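Visitor: Residue 217 in the numbering used here sits at position 84 of the sequence shown; the count goes up by one each step and never skips.
All C-beta atoms, glycine included, are put in the ideal place defined by N, C-alpha and C.
Please read these numbers as outputs of a predicted model, since none were measured by experiment.
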Amino acid sequence: MLPIPVNPAALPTPSGFSHGTLSGNTLYLAGQTALDRDMRIVEGGIVEQFRQAFGNLLATLREVGGRPEDLVTLTIYLTDIPDYQAHGREIGRVWRELAGPVYPAMAGIGCTALWQPEAMIEILGVAVVPDERLRPPAH
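(1) Report the partner residues of G274 according to the DSSP bridge assignment.
(2) Taking the alpha carbon of P147 as the point to measure from, which residue in L162, G157, N158 has its own alpha carbon closest?
(3) Give the C-beta separation of G241 and I224 to the nearest angstrom, bearing in mind that I take them to be a contact with Cβ-Cβ under 8 Å.
(4) Closer than 7 Å by C-beta to P269: which residues in its own chain qualify, once you throw out the five before and the five after it? Chain order, please.
(5) Against chain B, does P138 count as a neighbour if the rule is that its beta carbon must be under 8 Å from one of theirs?
(6) Considering only DSSP beta bridges, list what S156 is partnered with.
(7) Would you report the Cα separation of M253 and D169, rounded to the nearest angstrom?
(8) Smallest Cα separation from T166: which of N158, L160, R195, G188?
(9) Mind checking who G149 pairs with in its DSSP beta bridge?
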């Protein structure tokens, strides 16, 4: 089975990558920063950037019939770990609002910069969508 690119219309049109790649019922989610539909990083600090980046990732997951509980792992890249930690409670509230109380395996990794200079966070992950909900995207 060939991998299928997943690029939701709700997200900016990718150039040189796909927002996700579906192989069987496993969805590999590309790193998502806090880009809005107009290709701008949202303002408001790490909490709003988390909300946008995680929302972008979830939009790709929903495109194939997935739900937040289908996430098996996430990697969060951060340009300022202490800032993320200082806002942990607020970020946790955003998580529960968008994804509920279930958490996949996760890692947080500090880095010096991300693709967009204003980006403070990038989230990538893997999800396994049950066959009965799987909806391969149209090409």
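Guide: Reading it off the structure:
(1) Within the shown structure, residues of the chain are numbered from 134 to 272, placing residue 274 beyond reach of any answer.
(2) Of L162, G157, N158, the residue nearest in Cα terms is L162.
(3) Under the criterion of beta carbons closer than 8 Å, G241 and I224 do not qualify as touching, at roughly 11 Å.
(4) So the qualifying residues of the chain are I137, L155, V197.
(5) Looking for chain B here will not work: only one protein chain is present.
(6) According to DSSP, S156 bridges with T159.
(7) Rounded to the nearest angstrom, the two C-alpha atoms are 14 Å apart.
(8) Taking only the C-alpha atoms, the option nearest T166 is G188.
(9) Its beta-bridge partners do not exist; DSSP assigns none.
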